[in-house]
Amino acid sequence: MLTLRGAPALSAFRLDKLAQKFPSIHPDITLLRTEYVHFAELASDLGERELDILGSLLTYGPTGADLEPLPDDAELLLVVPRPGTISPWSSKATDIAHNCGLRAVERLERGIAWYFRLPSGFSGEQRAELESQVHDRMTEAVLGELEEAQQLFSHASPAPMTSVNVIEGGREALVEADGKLGLALAPDEIDYLVDSFRELGRNPNDVELMMFAQANSEHCRHKIFNASWSIDGQEQEHSLFGMIRNTHEKGGEDVLSAYSDNAAVVKGQLAGRFYPDPESCQYGFSTEDIHLLMKVETHNHPTAIAPFPGAGTGSGGEIRDEGAVGRGSKPKVGLTGFSVSNLNIPGYPQPWEADYGKPDRIVSALDIMLEGPIGGAAFNNEFGRPNLCGYFRSFELEAPGADGPEIRGYHKPIMIAGGYGNIRAEHVEKGDYRPGAKLIALGGPAMLIGLGGGAASSMASGQSAEDLDFASVQRQNPEIERRCQEVIDR
Numbered sequence: 000m001l002t003l004r005g006a007p008a009l010s011a012f013r014l015d016k017l018a019q020k021f022p023s024i025h026p027d028i029t030l031l032r033t034e035y036v037h038f039a040e041l042a043s044d045l046g047e048r049e050l051d052i053l054g055s056l057l058t059y060g061p062t063g064a065d066l067e068p069l070p071d072d073a074e075l076l077l078v079v080p081r082p083g084t085i086s087p088w089s090s091k092a093t094d095i096a097h098n099c100g101l102r103a104v105e106r107l108e109r110g111i112a113w114y115f116r117l118p119s120g121f122s123g124e125q126r127a128e129l130e131s132q133v134h135d136r137m138t139e140a141v142l143g144e145l146e147e148a149q150q151l152f153s154h155a156s157p158a159p160m161t162s163v164n165v166i167e168g169g170r171e172a173l174v175e176a177d178g179k180l181g182l183a184l185a186p187d188e189i190d191y192l193v194d195s196f197r198e199l200g201r202n203p204n205d206v207e208l209m210m211f212a213q214a215n216s217e218h219c220r221h222k223i224f225n226a227s228w229s230i231d232g233q234e235q236e237h238s239l240f241g242m243i244r245n246t247h248e249k250g251g252e253d254v255l256s257a258y259s260d261n262a263a264v265v266k267g268q269l270a271g272r273f274y275p276d277p278e279s280c281q282y283g284f285s286t287e288d289i290h291l292l293m294k295v296e297t298h299n300h301p302t303a304i305a306p307f308p309g310a311g312t313g314s315g316g317e318i319r320d321e322g323a324v325g326r327g328s329k330p331k332v333g334l335t336g337f338s339v340s341n342l343n344i345p346g347y348p349q350p351w352e353a354d355y356g357k358p359d360r361i362v363s364a365l366d367i368m369l370e371g372p373i374g375g376a377a378f379n380n381e382f383g384r385p386n387l388c389g390y391f392r393s394f395e396l397e398a399p400g401a402d403g404p405e406i407r408g409y410h411k412p413i414m415i416a417g418g419y420g421n422i423r424a425e426h427v428e429k430g431d432y433r434p435g436a437k438l439i440a441l442g443g444p445a446m447l448i449g450l451g452g453g454a455a456s457s458m459a460s461g462q463s464a465e466d467l468d469f470a471s472v473q474r475q476n477p478e479i480e481r482r483c484q485e486v487i488d489r
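Residue numbering for the sequence shown follows numbering that gives the first Met the number 0, starting at 0 and increasing by one per position.
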């Protein structure tokens with residue numbers, strides 16, 4: 000493994016913001032600096048010219064050599080991608096190295112070295128608190144020495160599937176698996192699965208149960224939203240979803256597609272488009288119908304757990320859905336919106352505010368509004384789409400309840416991600432595909448992050464285990480989504 004120091008990792012503004020959190024651990028803690036550290040896995044030693052090329056690729060901003068020497072008692076916290084995973088930066092940097100002729104470089108990876116100083120030395124508890132402040136435990140690990148980064152390049156076999164013994168253990172075995180995996184299965188669904196697999200004469204595996212839980216979750220199937228309702232013994236004409244669809248049924252003259260695809264399409268207008276002919280590869284104008292597509296969705300549960308990645312992947316999911324409309328479309332403009340409970344800004348109390356507490360794994364309304372809008376805007380910017388508008392609302396109300404006064408508000412926040420784009424007339428409908436047609440999945444490598452989000456978001460906030468809640472939040476990769484969109488555009 001080759002180790003190369005890099006540039007300062009964070010701006011002075013970001014360092015100042017972070018430094019405000021450390022005195023709560025100990026008032027004498029000093030953050031000395033942060034810097035990038037690059038690690039290269041090599042198939043063979045690099046020659047002098049290859050080392051120069053690699054050094055040039057990894058030189059950006061002020062170089063590590065220009066930084067002041069560290070004191071002897073500096074404490075290192077090396078934040079790296081979790082061993083066993085490949086970061087988005089790694090996949091991009093490795094591709095660039097290969098394109099520059101560095102075939103001996105099997106993989107590049109990057110970490111951030113945090114250097115702290117405490118004259119009295121750090122206790123184990125203080126170091127653990129510092130680690131929690133500087134890394135995302137789902138995607139990153141903290142090491143104590145640069146040499147420990149070698150484990151980034153270790154190769155392990157994937158864990159095998161496991162079965163749940165419902166043949167012998169019956170319903171109780173599936174109830175236990177439901178809790179461990181965070182499946183959020185309803186009692187009737189558990190009974191259905193037990194009966195079905197007993198009829199098949201075999202036990203279900205964890206992959207089958209996870210797939211069933213996501214596809215059948217409220218998030219995906221809208222079992223409650225599409226359900227028939229009876230109020231005071233009287234059957235209602237519309238489901239909740241039917242009431243929304245009713246607007247389109249009563250006045251959808253210019254709607255070309257609604258409630259049947261990843262986003263809606265409305266009639267646009269004739270306009271000129273400038274694009275290359277696929278045969279001649281020459282650019283030219285073409286006058287054609289350019290229709291509008293639009294989409295709004297919520298990403299509430301992830302934003303309540305981890306606002307920056309929650310809001311970022313909310314925008315990412317909405318962009319993905321726009322690009323996947325019909326036979327492919329082009330997302331162009333984004334919006335984000337937030338509804339939260341009272342902010343309770345420290346040192347700025349308001350007469351209508353009272354702090355009633357919250358589950359530990361859910362962040363405060365203030366944290367959501369400090370981090371969530373930046374997460375949504377950052378993803379849009381890095382994808383290459385402007386985030387032009389949005390809204391923000393805070394609200395709490397004391398209301399009478401069955402057991403006395405209750406506080407109603409957006410304790411589980413609303414995070415709205417939306418946008419619009421364009422689609423060609425011939426691409427609005429997906430078309431028919433013959434059996435045996437190939438399916439191509441576009442995207443980056445998958446990790447056990449965000450898997451189970453459909454089931455997790457179908458629970459009430461704070462009901463599942465804290466680790467399952469945190470694991471259900473995806474992590475954003477706008478660069479890879481941009482690459483996927485480029486495939487669609489072409």
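Positions of the beta carbon are idealized from the N, C-alpha and C atoms, including for glycine.
- DSSP places Ser-86 outside both helix and strand once states are collapsed to three, so it counts as coil.
- With respect to the 9 Å criterion, Pro-306 and Glu-370 are classified as neighbours on the basis of their beta carbons.
- DSSP, read as helix, strand or coil, puts Arg-244 in helix.
- Its chain contains Ala-310, Thr-335, Phe-337, Gly-389, Phe-391 as the residues whose beta carbon lies nearer than 8 Å to that of Pro-372, once the 5 sequence neighbours on both sides are disregarded; these appear in chain order.
- Between the region 36 to 54 and the region 93 to 112, the count of C-beta pairs closer than 8 Å reaches three or more; the two stretches touch.
- Inclusion of Thr-29 and Ala-8 in the CB contact set at 9 Å is not warranted, their separation being larger than that value.
- In the displayed model, Asn-261 falls within coil according to three-state DSSP, outside both helix and strand.
- Here the C-alpha atom of Gly-178 lies approximately 14 Å from the C-alpha atom of Glu-188.
- Around the beta carbon of Ala-398, fewer than 16 other beta carbons lie within 10 angstroms, which makes this residue exposed.
- In the three-state DSSP reduction, Ile-166 falls in the helix class (H, G or I).
- With contacts defined by Cβ atoms closer than 9 Å, Leu-387 and Gly-333 form a contacting pair.
- Ser-55: member of the alpha helix (DSSP H) spanning 47 to 56, first to last residue.
- Ranked by Cα distance from Glu-278, the first of Phe-378, Asp-135, Arg-489 is Arg-489.
- In the three-state reduction of the DSSP assignment, Cys-483 falls in the helix class.
- Per DSSP, reduced to three states, the secondary structure at Ala-42 is coil, with no helix or strand assignment.
- The DSSP-derived three-state label of Ile-304 is helix.
- Note on Ser-285: under 16 other CB atoms within 10 angstroms of its CB, so exposed under the neighbour-count rule.
- In this structure, the beta-carbon distance from Ser-90 to Gly-443 falls below 9 Å.
- Of the residues assessed, Leu-151 falls on the buried side of the cut-off, its CB having 16 or more other CB atoms within 10 angstroms.
- Closest by C-alpha distance to Phe-273, out of Val-264, Gly-283, Gly-267, Val-265, is Gly-283.
- With respect to the 9 Å criterion, His-300 and Ala-416 are not classified as neighbours on the basis of their beta carbons.
- Here the C-alpha atom of Glu-144 lies approximately 15 Å from the C-alpha atom of Leu-69.
- DSSP lists no beta-bridge partner residue for Lys-16.
- In this structure, Gln-484 and Gly-322 form a Cβ contact; the two beta carbons are roughly 5 Å apart against a cut-off of 8 Å.
- By the C-beta criterion, the region 418 to 436 is judged not to be in contact with the region 338 to 352, since fewer than 3 inter-stretch pairs fall below 8 Å.
- Judged by beta-carbon spacing, Glu-478 lies beyond the 9 Å limit of Arg-319, meaning their Cβ atoms are not closer than that value.
- Between Phe-196 and His-221 a beta carbon distance of about 26 Å is seen, past the 8 Å cut, so the two are scored as non-contacting.
- Around the CB of Gln-233, fewer than 16 other CB atoms lie within 10 Å, so the residue is classed as exposed.
- The residue from Gly-374, Gly-375, Asn-341 with its alpha-carbon nearest to that of Arg-407 is Asn-341.
- The DSSP-derived three-state label of His-221 is coil.
- Approximately 6 Å separates the beta-carbon atoms of Val-79 and Leu-142; this is inside 8 Å, confirming the contact.
- Residue Asn-379 holds the alpha-carbon nearest to the alpha-carbon of Glu-317 among Cys-280, Asn-379, Ala-364, Lys-357.
- Ranked by Cα distance from Val-133, the first of Glu-248, Asp-276, Asp-51, Phe-21 is Phe-21.
- Within the region 173 to 207, the runs of alpha helix (DSSP H) at least 4 residues long that lie entirely inside it are, in chain order, 186 to 199.
- In the structure shown, Val-133 adopts helical secondary structure according to DSSP, grouped into three states.
- The DSSP-derived three-state label of Asp-366 is helix.
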